[in-house]
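Novice: Input: one structure, supplied below.
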Amino acid sequence: MLRRFRLEEPESVREVSELLGRFGESAKVYAGGTELLLAMKEGLVQYERLINIKRVSGLDEVKLENGAIKIGALCTHHQLELSPVLRQNLPALVKLEENVANVRVRQVGTLGGNLCFAEPHADPGTFLMAVGATLIAEKSASKREIAAERFFVDAYETCLEADEVLTGIKVPVPAPRSGVAYLKFGYLERPSVGVAVALTLNGGGKSVGDIKIAVGCAGPAPKRVEEAEALLKGKSTDEATQNLPKAGSVAGAAAQAISDLHGSQEYKEHIVGVLLKRAFQSALSQC
Amino acid sequence: MEFQKEIEIHAPKEKVWNFIWDVDQFIACVPGCKEAKTLEEGKRYSATMVEKVGPFRVEFPTTIEVLEREDLTRIKAQASGADNKVGSRMKIGLDVHLREQDNKTMLSFVASVDILGKLAALGHGIIKRKADQVLDEFAQSVKKRLEGDS
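Chains as they are written, first to last, in the working numbering: chain Z, 1211 to 1497; chain R, 3 to 152.
Here it is in structure tokens:
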């Protein structure tokens, strides 16, 4: 049963930050509640106050701004599925969002809420690392941009300060001759392994100019795997394809996979390799 | 969940053995453990275990019972506690062995940890990882304390 709590409804980021600063660990930001309220109903966490940030305007838009796609933290997964800006510039994120959890979660769950709750079996964090996204965190008098790969600290932990609010996500518009793919494997709605690949070809489309690889869901937090990228970057597409098994095992080891009822550590590491190969091929085919 | 660890300590076996039985020193090595009390010397102890994974926090008032003891060699103990606020229980079976090897002491322990109740909703993997971290920190802390003042 959900215990009693007080609902604060601020209308600006400054007010949200002030409330967070004032009430500390007894308060929590409420952005969609699909995960937070479940945990509260189970009695796993208790907060005296929830700070509903859905009254803060301007945080639920997707737009193009200075060569980047800016996604408001309060955009629901469903909004992202339908966004014309994303469909045109980043269709791989639309595909990911179409497959997040279930229709009820997608209707109310927000991208910002998903990232801040930092549940290990979530898709967006892994994807955002591969596409070089930055996360915008604001508090009363300041604003900073955090690279997606530095945002997650551990399971259920981010680098946000106690009075900081995630207000948006900035993703560079993919360059010409580039491709992005996110693939996951799991049981029903719960991904056990997720792999994202974003690559750009150069040399007339014959070699891998830039590549970013991220793995998630298998371990405590998503992780960018630069060691695996180094095995493919600058290589001809044929040579990179040959190096995929090695890159897969490097990425598998980096995933910090945890054995559980959904598979052993070794099994998940193997799946990382399989998904990396497929995601690479899918991204390549888009170039 | 089963965990096994072995710590190589550059200290004589007697010193390690005495350290284990010094409740205050020993408890100081267990991350999140506080308010340790001796209920019955050499047999029953109590302490409170506080652990945190992100926003999830549990507090287990715990009773530790020494089941078997072979001086300077082995201790078998059992700890159990419940967090009624979160609705979870914890049970730990612990087998500790000491052996001497080239002027060092090898302290090995096997722990079987059971977490029951709502906390299990966090998932086996996350709980196992947390327990692993606690045991690693404990092992390093014991080694540091015993070697630090040898």
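Just so you know, even glycine gets a beta-carbon here, dropped at the ideal spot from N, CA and C.
Which residues, in order along the region 1252-1268 of chain Z, keep a beta-carbon less than 9 Å from a beta-carbon of chain R?
Specialist: Only those residues of the region 1252-1268 of chain Z whose C-beta falls short of 9 Å from the nearest C-beta of chain R are listed: E1252, G1253, L1254, V1255, Q1256 and Y1257.
Novice: With a threshold of 16 other CB atoms inside 10 Å of the CB of R/S152, please say whether the residue is buried or exposed.
Specialist: Caution is warranted here: a pLDDT of 48 is assigned to R/S152, below 50, making its placement in the model unreliable, and the coordinate value is therefore given only provisionally. Counting Cβ neighbours within 10 Å, R/S152 comes out exposed, since fewer than 16 surround it.
Novice: Locate the beta strand (DSSP E) running through Z/Y1392, then write down its first and last residues.
Specialist: In the DSSP assignment, Z/Y1392 falls within the beta strand (DSSP E) that extends over S1388 to Y1397.
Novice: Measuring alpha carbon to alpha carbon, tell me which of Z/S1267, Z/T1336, Z/E1252 and Z/Y1240 ends up nearest Z/V1405.
Specialist: For the residues Z/S1267, Z/T1336, Z/E1252 and Z/Y1240, the minimum Cα distance to Z/V1405 belongs to Z/T1336.
Novice: Is the CB of Z/D1470 under 7 Å away from at least one CB in chain R?
Specialist: Using a CB distance cut-off of 7 Å, Z/D1470 counts as an interface residue toward chain R.
Novice: Check whether chain Z comes within 7 Å of R/K120, counting only Cβ atoms and requiring the distance to be less than that.
Specialist: Judged by the 7 Å Cβ criterion, R/K120 is in contact with chain Z.
Novice: What is the C-beta distance between R/S155 and R/G119, in whole angstroms, given that I count them as a contact (C-beta under 8 Å)?
Specialist: The question about residue 155 of chain R has no answer, for chain R in this structure spans 3 to 152.
Novice: At a CB distance below 7 Å, what residues from the region 49-65 of chain R approach chain Z? Give them in sequence order.
Specialist: V55, G56, P57 and F58
Novice: Where R/V88 and R/D97 are concerned, what is the direct C-alpha to C-alpha distance, given to the nearest angstrom?
Specialist: 28 Å
Novice: To test your reading of the DSSP string, which unbroken beta strand (DSSP E) runs of 3 or more residues are found completely within the region 1351-1427 of chain Z?
Specialist: 1352-1357, 1362-1364, 1375-1382, 1388-1397, 1400-1412 and 1417-1426
Novice: Would you report the Cα separation of Z/V1315 and Z/L1398, rounded to the nearest angstrom?
Specialist: 14 Å
Novice: Going straight from the alpha carbon of Z/G1242 to that of Z/I1423, what length do you get?
Specialist: 29 Å
Novice: Would you report the Cα separation of R/I22 and R/E10, rounded to the nearest angstrom?
Specialist: 15 Å
Novice: Is the region 122-133 of chain R touching the region 1461-1469 of chain Z, taking contact as three or more C-beta pairs under 8 Å?
Specialist: yes
Novice: Grab me the residues of R/G34's own chain with a C-beta within less than 6 Å of its C-beta, minus the 5 sequence neighbours each way, in chain order.
Specialist: M51, V52 and E53
Novice: For a contact defined as C-beta to C-beta under 7 Å, what are the partners of R/G127 on chain Z?
Specialist: I1468, S1469 and D1470
Novice: Report the three-state DSSP secondary structure of Z/T1336 (helix, strand or coil).
Specialist: helix
Novice: Have a look at Z/V1403, Z/Q1256 and Z/K1273 and flag the residue whose alpha-carbon is nearest the alpha-carbon of R/F58.
Specialist: Z/Q1256
Novice: On a CA-only basis, which of Z/K1445, Z/R1360 and Z/P1334 is nearest Z/L1393? Give me that one, please.
Specialist: Per the Cα distances, Z/P1334.
Novice: Against chain Z, does R/G34 count as a neighbour if the rule is that its beta carbon must be under 7 Å from one of theirs?
Specialist: no
Novice: For R/C31, which of helix, strand or coil comes out of DSSP?
Specialist: Shown here, R/C31 sits in coil according to DSSP, grouped into three states, outside any helix or strand.
Novice: At which residues does the alpha helix (DSSP H) containing Z/R1476 begin and terminate?
Specialist: First, the residue type needs correcting, since residue 1476 of chain Z is Glu and not Arg in the sequence shown. Q1475 to Q1496 is the span of the alpha helix (DSSP H), which, as asked, contains Z/E1476.
Novice: Count the other CB atoms within 10 Å of the CB of Z/G1414; is the residue buried (16 or more) or exposed (fewer)?
Specialist: exposed
Novice: Would you verify that the beta carbon of R/G89 is, or is not, closer than 7 Å to some beta carbon of chain Z?
Specialist: yes
Novice: Report, in whole angstroms, the separation of the C-beta atoms of Z/E1228 and Z/S1350, which I expect to be a contact under 8 Å.
Specialist: 6 Å between Cβ atoms; contact.
Novice: DSSP three-state call for Z/V1435: helix, strand or coil?
Specialist: coil
Novice: Please classify R/S152: does DSSP put it in a helix, a strand, or coil?
Specialist: Reliability fails at R/S152, whose pLDDT of 48 lies under 50, so the model's placement of it is uncertain and no value is given.
Novice: When the Cα atoms are used, what is the spatial distance from R/V60 to Z/L1306?
Specialist: 34 Å
Novice: Which residue from Z/G1282, Z/Y1366 and Z/E1374 puts its Cα closest to that of Z/P1354?
Specialist: The question names Pro, yet the displayed sequence has Arg at residue 1354 of chain Z. It is Z/E1374 whose Cα lies nearest to the Cα of Z/R1354.
Novice: Is the region 1232-1248 of chain Z close to the region 1315-1327 of chain Z, with three or more CB pairs under 8 Å?
Specialist: yes
Novice: Are the region 1371-1388 of chain Z and the region 1275-1289 of chain Z touching, with three or more C-beta to C-beta distances below 8 Å?
Specialist: yes
Novice: Since R/P2 is in the beta strand (DSSP E), which residue starts that stretch and which ends it?
Specialist: For residue 2 of chain R there is no data in the structure shown, the boundaries of chain R being 3 and 152.
Novice: Count the C-beta pairs between the region 1426-1434 of chain Z and the region 1353-1369 of chain Z that are closer than 8 Å, then say yes if the count reaches three, no if not.
Specialist: yes
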